Amino acid sequence: MRSIIGTKPKHRESMRTLGLHRIRQSVVREDTPLVRGLVHRVRHLVEVEEVDQ
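According to numbering that gives the first Met the number 0, the stretch in the sequence shown is residues 0 to 52, in order.
The structure is reproduced here in structure tokens:
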């Protein structure tokens, strides 16, 4: 995750909803349409990888 300083309020809210609060933080989320939409909104700030469970 990149810094959210200077980003739009919608981007900051999307990052918080995804559970991302700090730089270089990582979280694991279910692959749902909601999560895909949030990631799409902040795709320039995050890196997404698929993990095996």
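Backbone N, C-alpha and C fix where the C-beta goes; we use that ideal spot for every residue, glycine too. Keep in mind that this is a model prediction, so the values were computed, not measured.
In the three-state reduction of the DSSP assignment, Lys7 falls in the coil class.
Val34 carries a helical assignment under DSSP once its states are collapsed to helix, strand and coil. Note that the C-beta distance between His10 and Leu33 is not below 8 Å. Remark: C-beta atoms of Thr16 and Leu37 approach each other more closely than 8 Å. Nearest C-alpha to Glu29 among Ser2, Ile3, Met0, Glu49: Glu49.
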